[in-house]
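Asker: Pasting in a structure now, in structure tokens, and then I'll have a few things to ask.
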Amino acid sequence: MNFKKITASSLLLAGIAMSPHALAAQSFDGHTINVAFEIWDGDDVSNLLEITNDKDVLASDSTYPDKTDFYVSSPDVDYFDWDIDFNQNVIEMTYASIEANDYDYEYSYIESKGFHFQDTENSLPDIINVTVDAKFAPDDFDPNLVTFDANNIYVNLKGSSCVNPSILITGNWSLIPGCDNPLSPTGFNNQIKLKVEFASDGTNDIVTIDKLYDWAESKYPEYFPTHQDSFYIQGYYARFYQGTDVYIGSL
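Numbering (my numbering), first residue to last: 608 to 858.
This is the structure in structure tokens:
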């Protein structure tokens, strides 16, 4: 479904060639996602041993991050906190505790444990692909340990670490690199991003169209200067902007 021009006498009409359903289907914005930190028996995330924390997080493109100080150990041990953000179709996990510059606030995981994101309300289309951006991820983070199905994404942090400065393990003289990185936007290698691709059912959703109209009003005020209510005209679901004599409409 595309925005198309609609005709009416003496009016300058405009359309935007874009699929509002596809846009909304590719966004977490406005949806509630359950975020859990889990411990698994091996790399098979179906073998759940423990959930150390879980929260329902409202995803919002206007808030950053959506959840701060998400603890992964216990409420009494808040040394290992992450910030979680959902922006459009991207999930961002940032290990915030490293900023304390304290040994107690570092992590190094040998066992399988990590994040579980779940659409518990079944309000989003099925997940069909997840792309991992590990450019500024914690040391030895393995993107291959990120798995997903239609409603769930699992991020296994096994083998990864975020310490500062580097740690020399005297037992085998191995080195755990520090996660300082002046090229990172946070100053550390402490951030994992997931780009999520959703299936589209191709349906026409009025709420979705209204959200896109609202977006157009904020993005192109020269054409859509003030908020207007939507209505039906000649088979189109539209808004009219008297100040610029412009319609925006969708079948």
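Note that beta-carbon positions come from the ideal geometry of N, C-alpha and C, so glycine has one too.
Quick caveat, the model's predicted, so the values are computed rather than measured.
If we count Cβ pairs, one from each stretch, closer than 8 Å, do we get three or more for the region 692-701 versus the region 670-678?
Answerer: They touch, by the three-pair rule.
Asker: Who are the Cβ neighbours of N584 in its own chain at under 7 Å, not counting the five residues just before and after it?
Answerer: Nothing can be reported for residue 584: it is not among the residues displayed for the chain, which extend from 608 to 858.
Asker: Contact check, V590 vs T639 under 8 Å by CB: the rounded distance?
Answerer: Residue coverage of the chain in this structure runs from 608 to 858, which leaves residue 590 outside it and unanswerable.
Asker: Among all the DSSP beta bridges, which residues are the ones paired with W689?
Answerer: W689 pairs with F677, Y702.
Asker: Let me check one thing: in DSSP terms, what residues is A806 bridge-paired to?
Answerer: DSSP lists no partner for A806.
Asker: Pick helix, strand or coil for T815, following the three-state DSSP scheme.
Answerer: Here T815 sits in helix by DSSP.
Asker: Please classify A744: does DSSP put it in a helix, a strand, or coil?
Answerer: Here A744 sits in coil by DSSP.
Asker: Closer than 8 Å is the cut-off here; do at least three beta carbon pairs connect the region 720-739 with the region 817-833?
Answerer: No, the region 720-739 does not touch the region 817-833.
Asker: On a CA-only basis, which of G850, A806, Y843 is nearest E824? Give me that one, please.
Answerer: Considering only alpha carbons, the answer is G850.
Asker: My output table needs one value for Y830: the three-state DSSP class, helix, strand or coil.
Answerer: In this structure, Y830 counts as coil in the three-state DSSP scheme.
Asker: List the residues that DSSP assigns as beta-bridge partners of A845.
Answerer: F838, G856.
Asker: Throw me the rounded Cβ distance for the S704 and D688 pair, which I believe falls under 8 Å.
Answerer: The Cβ separation is near 5 Å, so the contact holds.
Asker: Out of N758, I691, I717, which one is the CA nearest neighbour of T727?
Answerer: Taking only the C-alpha atoms, the option nearest T727 is N758.
Asker: Using three-state DSSP, classify D821 as helix, strand or coil.
Answerer: DSSP places D821 in helix when its eight states are reduced to three.
Asker: For N736, which of helix, strand or coil comes out of DSSP?
Answerer: Here N736 sits in strand by DSSP.
Asker: Can you find the residues in the same chain that come closer than 8 Å, C-beta to C-beta, to F677, ignoring five residues on each side of it along the sequence?
Answerer: Hits under 8 Å: V642, F644, N660, K662, D688, W689, D690, I691.
Asker: Among residues of its own chain, excluding the 5 on either side of L731, which ones have a beta-carbon nearer than 7 Å to its beta-carbon?
Answerer: Around L731: H638, F805.
Asker: Between the Cα of V753 and those of Y827, G785, D650, spot the shortest distance and give me the residue it belongs to.
Answerer: Residue D650 is the option with its Cα nearest to V753.
Asker: Using alpha carbons as the reference points, say which of I646, F847, S767 lies closest to E713.
Answerer: That would be S767, whose Cα lies nearest to the Cα of E713.
Asker: When we look at the beta-carbon of F693 and count the other beta-carbons within 10 Å, is it buried (16 or more) or exposed?
Answerer: It counts as buried.
Asker: What does the Cβ neighbour count give for Y839, buried or exposed, with the cut at 16 atoms within 10 Å?
Answerer: It counts as exposed.
Asker: Under 8 Å by Cβ, that's how I've got K765 and Y716 pegged, so tell me the actual separation to the nearest angstrom.
Answerer: Contact holds; Cβ gap of about 6 Å.
Asker: Starting from the C-beta of S634, find all residues in its chain whose C-beta is less than 7 Å away, skip the five residues before and the five after it, and write them out in chain order.
Answerer: Answer for S634: Q695, N696, listed in chain order.
Asker: Taking V652 as part of the beta strand (DSSP E), name the residues at either end of that continuous run.
Answerer: From DSSP, V652 is part of no beta strand (DSSP E); its letter is neither H nor E.
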